[in-house]
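To keep things clear, I will list the structure first and then write my remarks on it.
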Amino acid sequence: MNRKSFLTKIGAASTALVGLPFIKTQASADAGVLHYEKRSAGYSANDQIQIALIGTGWMGQVNGNTASELPGIKITAACDLYESRIRRCKELWGDDIFTTRDYREILNRNDVDAVIISTTDHWHDIQAIDSLNAGKAVFLEKPMVQHVDQAYAVLDAEKKTGNVLQIGSQLTSDILYLKARDMVRNGEIGKLVLVEGNFDRHSAEGAWQYSIPPGVTAEQVDWDTYLRDLPYREFDPKQFFRWRNYREFGTGSSGDLFVHLLSAVHLVTDSMGPSTIMATGGLRYWHDGRDVPDVMLGMLDYQETESHPAFNLALRVNFIDGSGGGVTIRFVGSEGEIVVDWTNVRLRKATMDKRPPVTINDFSSETREAFQEYHRANYPEPPPSVIPPSEFVYNAPEGYDSRKHHFENFFDSIRNNTPVYQNGTVGLRAAAPALLSNESYHEKRIINWDPVSMKVMSSGQSGSN
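Numbers in my numbering are just positions in the sequence shown, counted from 1, shifted up by 78.
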């Protein structure tokens, strides 16, 4: 395929359909290790996907390094407001890459096929819309927007342009969660009733106390541009380098981490989302001027649909978890549970005697004897049977990287016009409950949400699911 036809294919790629990651989750019989099919091939210079980074802080550089490790990918441009990060990009990817402080200059370039947007949350919507309208495929960090009402314009641009849009919650490409989805679909845990997810940390870095260069000035970070349409204030380096701590620039722990948990839960359960959202928490330890909680709890109700029974979801983020922190999601059913962490998925099953119980100790001896005779006649002992294993463990292969796998799916969509799973619609259905958890926490109220129409419901309204 020559470059002209390749670029035409990029423009034609559509994410209107919800596809599934190209993946194989068959466990080997001896080791219980999950496998996935890597899409590796040699690409000519004309077939390379040339990418630009919009936002090159820590997350942007991680995304750039991960993407550029894949075959047929080349970084040609980078944008950031902080001049030191621009210099770092040249150190990482060569002096010949184009760099700028104005992301719009990147969108006008013919040597950019796709962009990776890793900026502060308050810039996500406009940069995604501008990139799609400029004919670029877009990898957009989560959450896809800062406020729910901003998402509809992003979805309109995705639909109008037909360009690829993938949201950056890598757990939706993770072979562990795809295996968990298969087990839930196959009824391995019976009827799903409860899901619990936690994303806990125990470090200053994990609590967003990122390094601030000594003596940094407003001019060095283009402070006026950074503010976008927010009211002007004097330069505060904390609000630039530790932006996640502030509601005006970020989305708190729920926008950063609830959204990961929600993305995975929706994948595994085939769910469009909850109908009610409630959150609580508080600022318990990191009293550093932030205006968001460092401990946050979410309680979400999921109504019965054709895809899943009614169930409850409990979410937790704790930035001062003295046990050391960790990430797990637990899917609990009537016959077992599935627990997924960074490295494995574990299925535990328990058996329950389906005969009515015998609770007769408080009866007289005559009544006890009569009841036992009745019970033996109507509910005899089951015949002997082989007892199956009570626990199964499936491990990710050594060196497996779900972030890299997520980028593989993104680039596969660009090359082959295959739909991505976490397109704008799927991304919003994960982001909205996370963002609305913030509203519930700050406004101290329960929020009703229609996951089908993707709209906030007023009190008394019923949703579509």
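Where a beta carbon is used, it is the ideal one built from N, C-alpha and C, also for glycine.
Since this is a predicted model, take the numbers as computed values, not measurements.
(request) Report yes or no: do three or more beta-carbon pairs, one from the stretch 495 to 513 and one from the stretch 345 to 360, lie closer than 8 Å? (result) yes
(message) Please give me, in chain order, every unbroken run of the beta strand (DSSP E) with length at least 3 that falls completely inside the stretch 365 to 397.
(response) 373 to 380 and 389 to 396
(request) Following the continuous beta strand (DSSP E) through residue 535, name the residue where it begins and the one where it ends. (result) 533 to 535
(message) For residue 606, report the span of its beta strand (DSSP E) as first-last.
(response) For residue 606 there is no data in the structure shown, the boundaries of the chain being 79 and 543.
(request) Answer with buried or exposed for residue 172, where buried requires no fewer than 16 other C-beta atoms within 10 angstroms of its C-beta. (result) exposed
(request) For residue 155, count neighbouring Cβ atoms within 10 angstroms of its own Cβ and tell me buried if that reaches 16, exposed if not. (result) buried
(message) Give the list of continuous beta strand (DSSP E) stretches no shorter than 3 residues that lie fully inside the stretch 215 to 289.
(response) 215 to 218, 243 to 245 and 270 to 278
(request) Grab me the residues of residue 247's own chain with a C-beta within less than 7 Å of its C-beta, minus the 5 sequence neighbours each way, in chain order. (result) 220, 337, 338, 341, 500 and 508
(message) On a Cα-Cα basis, can you pick out the residue from 412, 125 and 319 that is closest to residue 197?
(response) 319
(request) Going by CA-CA distance only, name the one from 145, 484 and 514 that's closest to residue 253. (result) 484
(message) On a Cα-Cα basis, can you pick out the residue from 205, 264 and 256 that is closest to residue 23?
(response) Absent from the structure is residue 23, since the part of the chain shown begins at 79 and ends at 543.
(request) Pick out the complete alpha helix (DSSP H) segments inside the stretch 465 to 503, 4 residues or longer, and give them in chain order. (result) For the stretch 465 to 503, whole alpha helix (DSSP H) runs of length 4 or above, ordered along the chain, are 480 to 494.
(request) Determine the direct distance from the alpha carbon of residue 474 to that of residue 417, and round the result to whole angstroms. (result) For residue 417 and residue 474, the gap between their C-alpha atoms comes out near 14 Å.
(message) I need the DSSP call for residue 350, collapsed to helix, strand or coil.
(response) coil
(request) Tell me whether residue 450 sits in a helix, a strand or coil according to DSSP, three-state version. (result) helix
(message) I'd like the list of long-range same chain contacts for residue 110, defined as Cβ closer than 8 Å, with 5 residues on each side in sequence excluded.
(response) 470, 471, 472 and 473
(request) With a 10 Å radius around its C-beta and 16 neighbouring C-beta atoms as the bar for buried, classify residue 441 as buried or exposed. (result) Classification for residue 441: exposed.
(request) Can you tell me which of the three DSSP states residue 137 falls into? (result) helix
(message) Once DSSP output is grouped into helix, strand and coil, what is the label at residue 102?
(response) Bear in mind that a pLDDT of 37 at residue 102, under 50, signals an unreliable position, so the model cannot answer this.
(message) Can you tell me whether residue 108 is helix, strand or coil according to DSSP?
(response) In this prediction, residue 108 has a pLDDT of 32, which is less than 50 and means its spatial position is unreliable; nothing more can be read from the coordinates.
(request) For residue 527, count neighbouring Cβ atoms within 10 angstroms of its own Cβ and tell me buried if that reaches 16, exposed if not. (result) buried
(request) Rank 525, 519 and 513 by C-alpha distance to the C-alpha of residue 227 and give the top, closest one. (result) 513
(request) Using beta-carbon positions only, say whether residue 184 and residue 217 come within less than 9 Å of one another. (result) no
(message) Considering only their Cβ atoms, is the gap separating residue 296 from residue 277 smaller than 9 Å?
(response) no
(request) Starting from the Cα of residue 211, find the closest Cα among 200, 231, 199 and 421 and give me that residue. (result) Nearest option by C-alpha distance: 231.
(request) Out of 165, 167 and 208, state which residue places its alpha-carbon closest to the alpha-carbon of residue 186. (result) Nearest of 165, 167 and 208 to residue 186, Cα basis: 208.
(message) Bridge partners for residue 128 per DSSP, in chain order?
(response) 152
(request) Tell me, please, which residues DSSP counts as bridged to residue 430. (result) Beta-bridge pairing by DSSP links residue 430 to no other residue.
(request) Spell out the partners DSSP gives residue 201 in its beta bridges. (result) Answer is none; residue 201 lacks a bridge partner.
(request) Given a cut-off of 9 Å, decide if residue 361 and residue 376 are closer than it, judged by their beta-carbon atoms. (result) no
(request) Just grab the DSSP bridge partners of residue 525 for me. (result) 355
(message) Please report the straight-line C-alpha distance between residue 388 and residue 354, rounded to a whole angstrom.
(response) Going from the Cα of residue 388 to the Cα of residue 354 covers about 12 Å.
(request) Check each candidate in 407, 487, 331 and 386 and name the one with the smallest Cα separation from residue 516. (result) 331
(request) Let me know the secondary structure DSSP gives residue 67 once reduced to three states. (result) Past the boundaries of the shown model lies residue 67; the chain is included only from 79 to 543, so the question cannot be answered.
(request) Could you tell me which of 131, 317 and 329 sits nearest to residue 199, measuring between CA atoms? (result) 329
(request) Please determine, among 477, 385, 446 and 521, the residue with the shortest C-alpha to C-alpha distance to residue 260. (result) 385
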